[in-house]
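Novice:
Number of protein chains: 2
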Amino acid sequence: MSRTIIVDALKRTDFGTSITVKGWVRTRRGNKSVSFIALNDGSTIHNIQIVADGGRFSEEFLKPVTTGACICATGKLVESQGKGQTVEIQAETIEIYGTADPETYPLQKKGHTLEFLREIAHLRPRTNTFGAVFRIRHHMAMAIHRFFHERGFFYFHTPVITASDCEGAGQMFQVTTLNLYNLKKDKNGSIDYSEDFFGQQAGLTVSGQLEGELAAMAMGAIYTFGPTFRAENSNTPRHLSEFWMIEPEVAFNEIEENMQLAQDFIQYCIRWALEYCKDDLDFLGDMYDKELYDRLNFVVNNDFKRLTYTEGIKILEEAVAKGHKFEFPISWGSDLQSEHERYLVEQHFKKPVILTDYPKEIKSFYMKQNGDGKTVRAMDVLFPKIGEIIGGSQREEDYEKLKRRAQEMNIPEKDVWWYMDTRRFGTAPHSGFGLGFERLLLFVTGMANIRDVIPFPRTPNNAEF
Amino acid sequence: MSRTIIVDALKRTDFGTSITVKGWVRTRRGNKSVSFIALNDGSTIHNIQIVADGGRFSEEFLKPVTTGACICATGKLVESQGKGQTVEIQAETIEIYGTADPETYPLQKKGHTLEFLREIAHLRPRTNTFGAVFRIRHHMAMAIHRFFHERGFFYFHTPVITASDCEGAGQMFQVTTLNLYNLKKDKNGSIDYSEDFFGQQAGLTVSGQLEGELAAMAMGAIYTFGPTFRAENSNTPRHLSEFWMIEPEVAFNEIEENMQLAQDFIQYCIRWALEYCKDDLDFLGDMYDKELYDRLNFVVNNDFKRLTYTEGIKILEEAVAKGHKFEFPISWGSDLQSEHERYLVEQHFKKPVILTDYPKEIKSFYMKQNGDGKTVRAMDVLFPKIGEIIGGSQREEDYEKLKRRAQEMNIPEKDVWWYMDTRRFGTAPHSGFGLGFERLLLFVTGMANIRDVIPFPRTPNNAEF
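In order, the protein sequences belong to chains C and H. The first sequence runs 1 to 465 under this note's numbering. The second sequence runs 1001 to 1465 under this note's numbering.
Below, the structure written as structure tokens:
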């Protein structure tokens, strides 16, 4: 008999029908005369209850049906008497696909720490928590593709291996096929990369933005969604060495349209989560973060407040003058810390905030220069709890201005000639932004550690699995 | 006035309305009294014609409106007199965003070879050919996500950086942050990887399958869609060093369901292309491959013929006996070459073919062993023109059998302990397959070289942009 997915089985009301479900045993309890098996197949956080009558199934037979075992059960769908569930299955046959020895199976019923589960990342998707997190991860990826596709954007794959580090966004990983035991050097003592796979030194991308801009200046509106890498030795709950980024880039968009796009985009994603991930959000909110729904609703129910960096600094300085204590000092020219961003969002405006027009010294070379000579058309979207969630800008479209700024910031022409070409030939105003996928997931799931929202986190000293 | 995307403008019939379009000039022709500008914004392969009346726009003003320039044009939408187009715009204002000096802009009207365009990959999305290819690439990615999402699969991100090369699918790129000028060695003369970023030797993944299996054995049905890497020195029109793979993995699926999934999947994708990419397919079919539609229809209109490798070999041997000449000899035990695969598809069955049950010696350690002791439950999907497009198998779910096979193939336990754990705890039958995204795109676009279906191809000696 063909298998019924548990998420579908739980919605059925055609009681009396015989169905087959397959999945992993979460718990088995009961006594000689009847056993109750909670079965999960990953399609939903909810288990279906299999009732195994003692008259039909011996204790001996059911003995290996322990937590973690995989079984196939066929039987009549009936209305459940138990609370918290509407249907259950009166088992007629049970086949055991695979056992899970209770002496060695690491995922017993209760009480694992998230730290312990990270060490068995190959099994943690079998837990309620990580089932929920990874289903939400799936849904957020779907929401992202759907949002951009509906608006006529093209999904564009920028390269992972690259010979240029133009953005200077962070330390790069080197990619090589050289034999490290036999490195050839040229007469100056430099390593001879002509022997390396790509004929030059290569590394892993820190951002697809620059290549994304090339595509936007041809196809109009594109977005990337791919892995990016930072070789920073940051052992924090907010940093990964390998993470996924979404970077839309739109020809003809100025900063105002860029802000609107960012707001529409992130509200769309969170509305999607509220609509399609309710069961998983209920679980995670209940287990880890009682204010989860409040924060999600806060973002979808408020227009984002737009103001300049300079106005933001003034508000923060006034707060300090009135006695508010920040850990880090704040004045015009300094980068905002998370505490400052959260003050603006949570205490001052009580709305998500978009700050624009930052000092050029603290932003990248490619951002559009304002007429004041001091600021650039950058924008950061600030959220409750986490601070900055999106960073973007209108891009400098003027060839001469961009060239001058690149020179001031010591970016070699040989690394960016192709990027400069978009300004030499058919340039136009354009804008874009970047969202770290795992930052979004931290916000949507309420999880506290970024290692718990990606299946196999890569961090210093950790590339297991 | 807000911008109208050209693909939308071309569908409008509200003649007399004033609209604004923005894009890049493909051509300008005409005379003193009237100029015709073909404008493209990447939203479609079709240009919109801007009619600039000599009375309103001087020759002097229009002089920089050359191929590649970026402009904004506002004017009345009118019915077109010209053939091949239904609407045009009678320009009232034209703003020039960016010029493209005809002396230096590389993309003049005609006659570039695909080889030349690869050298200017940063500009080639502005051509008809690459606009079409990358729009189709977008659509195929959407089709893939939609197909799996509709069927309850979860999109699962497997790691890009990995410390294990279990699949042995090919040469790996090494990823490191070690200072290559100062490599520390231990007392045995081995490089001390405890100083490297991950505390051990790491590389770029060749496949997400093994991690995908872990997820399937928890969440039921998953798929990956991400970049994979092969450091093979293959300079052919069919190999890339960096390419995107789609790898579905499904708990409880046996080989027959796996075959059906592969057929449904690829037919879904091609139907999507036929439905949503008609303009671009028309162009590519016309320019590069007159049989493109025939092959696409061949795949969607035929059930895939299923037979065993052994039966396939018999047919090929009979063909040889009857005088058919193959370049490579064929007998039981040898790997099929593209010519053999194409013979089965194009000449013998005149249908796409799925071959199963290959000799275990030519397949991977994780494939389910048949009772005959000789073959494994592998499956390859074979297509016209390109041969193998999908490779997959039912996976060996038996712990002891898998362990034995891994030992026979010299796969170190330390590299696969986590993979083996899925068989130790709650194992079940499961199956999956892999599709190289660019192979699919070669088939769908009719392009001949795989470097022309990915924006920035990485191949030996080439990591530019």
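All C-beta atoms in this analysis are idealised placements derived from N, C-alpha and C, irrespective of residue type, glycine included.
Quick check: is the beta carbon of H/V1206 nearer than 8 Å to any beta carbon in chain C?
Specialist: With 8 Å as the cut-off, H/V1206 does not count as an interface residue toward chain C.
Novice: What residues match up with C/Q394 in a beta bridge as DSSP calls it?
Specialist: In the DSSP output, where bridge partners are listed per residue, C/Q394 has C/S431.
Novice: Note the first and the last residue of the continuous beta strand (DSSP E) segment covering H/R1306.
Specialist: Element bounds for H/R1306: K1305 to T1308.
Novice: What residue from H/G1323, H/D1421, H/V1444 and H/G1082 has the CA that sits closest to H/F1383's CA?
Specialist: Closest option to H/F1383, Cα to Cα, is H/V1444.
Novice: Could you tell me the boundaries of the beta strand (DSSP E) in which C/I246 lies?
Specialist: Taken as a continuous stretch (DSSP letters only), the beta strand (DSSP E) holding C/I246 covers E242 to A251.
Novice: What ranges does the alpha helix (DSSP H) occupy inside the region 1312-1355 of chain H, keeping only unbroken runs of at least 4 residues that lie completely in it?
Specialist: The qualifying runs are 1338-1342.
Novice: Can you tell me the Cα-Cα spacing of H/Y1309 and H/R1295, whole angstroms?
Specialist: The straight-line gap from Cα to Cα measures roughly 24 Å.
Novice: Can you find a C-beta in chain H that's less than 8 Å from the C-beta of C/F252?
Specialist: So, interface residue.
Novice: Just to confirm, are C/F153 and C/A221 a CB contact at a threshold of 8 Å?
Specialist: Contact: yes.
Novice: H/K1360 and H/Q1369 - do their beta-carbons sit closer together than 8 Å?
Specialist: Their beta carbons are under 8 Å apart, which means H/Q1369 touches H/K1360 by this criterion.
Novice: Whose Cβ in chain H lies nearer than 8 Å to the Cβ of C/P22?
Specialist: The identity of residue 22 of chain C in the sequence shown is Lys, whereas the question assumes Pro. Correct list: A1251, F1252 and A1428.
Novice: For C/Y97, which residues from the same chain have a beta carbon less than 7 Å from its beta carbon, with the 5 sequence-adjacent residues on both sides left out?
Specialist: Only C70, I71 and C72 meet the Cβ criterion.
Novice: I want to verify the contact list: residues of chain A whose CB lies under 7 Å from the CB of C/R126, in sequence order.
Specialist: Chain labels in this structure do not include chain A; the protein chains are C and H.
Novice: Comparing the C-beta of H/T1004 with each C-beta of chain C, is any distance below 8 Å?
Specialist: By this cut-off, H/T1004 is not an interface position.
Novice: Mind listing the chain C neighbours of H/E1195? Cutoff is C-beta to C-beta under 9 Å, in chain order.
Specialist: Within chain C, no residue comes near H/E1195; the closest Cβ sits about 11 Å away, beyond 9 Å.
Novice: Where H/L1468 and C/E242 are concerned, what is the direct C-alpha to C-alpha distance, given to the nearest angstrom?
Specialist: Any answer about residue 1468 of chain H is impossible in this case: the structure gives chain H only from 1001 up to 1465.
Novice: Only counting the same chain, and skipping five residues up and downstream in sequence, which positions put a Cβ closer than 6 Å to that of C/T459?
Specialist: Cβ within range, chain order: S241.
Novice: Ordered along the chain, which non-local residues of its own chain (more than five positions away) have a Cβ less than 6 Å from that of H/F1326?
Specialist: Result list for H/F1326: E1339, in chain order.
Novice: For chain H, is any of its Cβ atoms less than 8 Å away from the one on C/A463?
Specialist: Yes, because at least one Cβ of chain H sits closer than 8 Å to the Cβ of C/A463.
Novice: Is it the case that the Cβ atoms of H/Y1399 and H/M1420 are separated by a distance below 8 Å?
Specialist: Cβ atoms of H/Y1399 and H/M1420: closer than 8 Å.
Novice: Taking just the CA atoms, how far does H/A1121 sit from H/H1112?
Specialist: For H/H1112 and H/A1121, the distance between alpha carbons rounds to 13 Å.
Novice: Which residues in chain H have a C-beta closer than 8 Å to the C-beta of C/M142? List them in chain order.
Specialist: Under the 8 Å cutoff, chain H gives H1145, H1149 and Y1155.
Novice: Cβ atoms of C/E92 and C/T86: under 8 Å apart, would you say?
Specialist: Their beta carbons are not under 8 Å apart, which means C/T86 does not touch C/E92 by this criterion.
Novice: Would you mind working out which of H/N1461, H/K1351, H/N1179 and H/F1148 sits nearest H/L1261, comparing C-alpha positions?
Specialist: Comparing Cα positions, the closest option is H/F1148.
Novice: Please report the residue range of the alpha helix (DSSP H) in which H/V1444 lies.
Specialist: Here the alpha helix (DSSP H) through H/V1444 covers F1437 to T1445.
Novice: Thinking C-alpha only, which one of C/R29, C/A406, C/G42 and C/R306 is nearest C/V133?
Specialist: For C/V133, the nearest C-alpha among the options comes from C/G42.
Novice: Let's test the definition: count the other Cβ atoms within 10 Å of the Cβ of H/W1332 and tell me whether it reaches 16, buried, or not, exposed.
Specialist: Answer is exposed; the Cβ neighbour count stays below 16.
Novice: Have a look at C/T158 and C/E211 and give me their C-alpha separation to the nearest angstrom.
Specialist: Going by the C-alpha atoms only, they are around 6 Å apart.
Novice: CA-CA distance, H/P1455 and H/V1345?
Specialist: One C-alpha to the other measures close to 30 Å.
Novice: Going along chain H, which residues have a C-beta under 7 Å from C/S43?
Specialist: Within chain H, the residues near C/S43 are G1152 and G1220.
Novice: CB-CB under 8 Å to C/D186, same chain, minus the five flanking residues each way: which ones, in chain order?
Specialist: Around C/D186: D192.
Novice: Any beta-carbon of chain H closer than 8 Å to the one on C/F265?
Specialist: Judged by the 8 Å Cβ criterion, C/F265 is not in contact with chain H.
Novice: Please report the residue range of the beta strand (DSSP E) in which C/A406 lies.
Specialist: No beta strand (DSSP E) contains C/A406, which is instead part of the alpha helix (DSSP H) from Y399 to E408.
Novice: Is it buried or exposed, H/D1280, if we count other Cβ atoms within 10 angstroms and call 16 or more buried?
Specialist: Result: buried.
Novice: Got a sec, what are the start and stop residues for the beta strand (DSSP E) H/M1285 sits in?
Specialist: First, the amino acid is wrong: residue 1285 of chain H is Gly here, not Met. Where H/G1285 is concerned, there is no enclosing beta strand (DSSP E), although the alpha helix (DSSP H) it sits in stretches over K1278 to Y1288.
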